[in-house]
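Comments concern the structure below.
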Amino acid sequence: MDTVANDQSAPRADGKDTTLIYRQSRWTRLTHWIWAFSLFFMLLSGLQIFNARPQLYIGKQSGFEFNNTILQIGAENTATGPRGFTEIFGHRFDTTGVLGWSGPPGQETPRGFPAWATIPSYYDLGTARVVHFFFAWILTSTLLVWLIAGLINGHIRRDLAPRVSDLRKLPRDIVDHAKLKFHHTREYNTLQKMAYGGVLFVLLPLMIITGLAMSPSMNSVLPWLNEILGGRQTARTIHFTVMVLLVLFFVIHILMILAAGPINELRSIITGWYRTDPPAKHDQPTERSA
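So for the sequence shown, the UniProt record's numbering puts the first residue at 1; every next one is plus one.
Set out below in structure tokens:
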């Protein structure tokens, strides 16, 4: 999710044939951390907002008289006491202690997501909405500027758009990643291009669009948006699903960083400098690590 800075090389002190390149520009590193912090606060405040009504529906209506619930988190009284549950497409699972019924021993309360996973930790819908919308606008503004700049400077076409040659390398990239075999080189590999492109051009825009569709004030400005998405309840379900996919991307992203070499990867996104594999005698690096 970044641009490639102007390449500079620096020999290693031990004399080995390895190149240290300045890979991430200041703007790249800044936007990366803005998105990371924004998504973190949006996630935890969003879970607090979700707790106000921990159900998801498909369609324009919701309520007891409708049978369109696809997910529900709640608590129920049983012979052994209150228990938390999560119901997905009619299949119910006991999630006591995490979802539906959680809290310190003896002080459990019915709530969708536990206190440690929400901002604020106590129930405060108003504060959660303020935090959520504040970082949502920061994310949206930064992403819009990044997209415009990426189109103008050619970064999107040059570094993120998969080419035919990239698609031919896809099977090999899948095998290499499955074997935790990484190539520390300049450009993104095929899996990275597809993953980053999916986040930047599909998931984040869809998150923003569904968020706008759920806003009553935006319905008067863009009344057709809600209709296209199948109603406010469907938009809310899509919004939640995108959130889950972004969390999965984050988990995989962190695992790949740990597997590929966390010091080198973190140094790149903090300082901009990245150490590549030793180049072949007659070949230059053409791919970038995971």
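Glycine residues also receive a C-beta, built at the ideal position from the N, C-alpha and C atoms. Every value quoted in this text rests on a predicted model; they were computed, and no experiment measured them.
Measuring only the C-alpha atoms, how far is ILE208 from ALA36? 16 Å
Using only the alpha-carbon positions, how far apart do LEU167 and PRO105 sit? 53 Å
Where LYS16 sits in the DSSP three-state scheme: Low confidence applies to LYS16: its pLDDT is 48, below 50, so where it sits in the model is not reliable, and the reading given next is rough at best. Three-state result, LYS16: coil.
Residues that DSSP places opposite TYR22 in a beta bridge: TRP273
Is GLY106 helix, strand or coil when you go by DSSP? coil
Reference VAL202, options LYS179, PHE249 and GLU265, closest by Cα: PHE249
Roughly how many angstroms lie between the CA atoms of residue 300 and LEU99, to the nearest whole one? The structure shown does not extend to residue 300, since the chain is modelled only from 1 through 290, so no value can be given for it.
How is PHE85 classed by DSSP in three states: helix, strand or coil? strand
Taking all protein chains shown into account, do 16 or more other C-beta atoms lie within 10 angstroms of the C-beta of ASN153, making it buried, or fewer, making it exposed? exposed
CA-CA distance, LEU266 and LEU258? 10 Å
Let me confirm a value: PHE182 is counted as buried when at least 16 other C-beta atoms fall within 10 Å, else exposed. Which label applies? buried
Start and end residues, alpha helix (DSSP H) containing ALA79: Where ALA79 is concerned, there is no enclosing alpha helix (DSSP H), given that its DSSP letter is neither H nor E.
Coil, strand or helix - GLY126 by DSSP: helix
So if DSSP puts ARG111 in a beta bridge, which residue, or which two residues, is it bridged to? GLY100
Reference residue 298, options ARG83, ASN77, GLN107 and VAL131, closest by Cα: Since the first residue of the chain shown is 1 and the last is 290, residue 298 is not available in this structure.
Determine the extent of the beta strand (DSSP E) in which TYR94 is found, giving its start and end residues. A small fix is needed here, since residue 94 is Asp in this sequence, not Tyr. First-last of the beta strand (DSSP E) with ASP94: 91-94.
Using 8 Å as the Cβ pair cut-off and three pairs as the minimum, do the stretch 235-248 and the stretch 204-220 touch? yes
Is the Cβ-Cβ distance between ASN51 and THR109 less than 8 Å? no
On a CA-only basis, which of ARG111, ILE70, HIS91 and GLY90 is nearest GLY84? Give me that one, please. ARG111
Taking a contact to mean a Cβ-Cβ separation below 8 Å, would you say residue 308 touches ALA128 in this structure? The chain is shown only over 1 to 290; residue 308 falls outside these bounds and no answer can be derived.
According to the neighbour-count rule (16 or more other Cβ atoms, all chains shown, within 10 Å of its Cβ), is ASP17 buried or exposed? Since pLDDT at ASP17 reaches only 42, below the 50 mark, its modelled position is unreliable, and the value read off the structure follows with that caveat. Exposed, since its Cβ has fewer than 16 Cβ neighbours within 10 Å.
Helix, strand or coil: how does DSSP classify MET1 here? Its pLDDT being 46, under 50, MET1 is placed unreliably in this model, and the value from its coordinates should be taken loosely. It is coil, neither helix nor strand.
Continuous alpha helix (DSSP H) stretch holding LEU167: start and end: 164-178
Buried or exposed (CB count within 10 angstroms, at least 16 for buried), THR91: The identity of residue 91 in the sequence shown is His, whereas the question assumes Thr. Exposed: under 16 other Cβ atoms inside 10 Å.
One question on the structure: do HIS177 and LEU191 come within less than 8 Å of each other, judged by their Cβ atoms? yes
Go ahead and pull the three-state DSSP assignment for LEU222. coil
Please report the distance separating the alpha-carbon of LYS179 from that of LEU170. 14 Å
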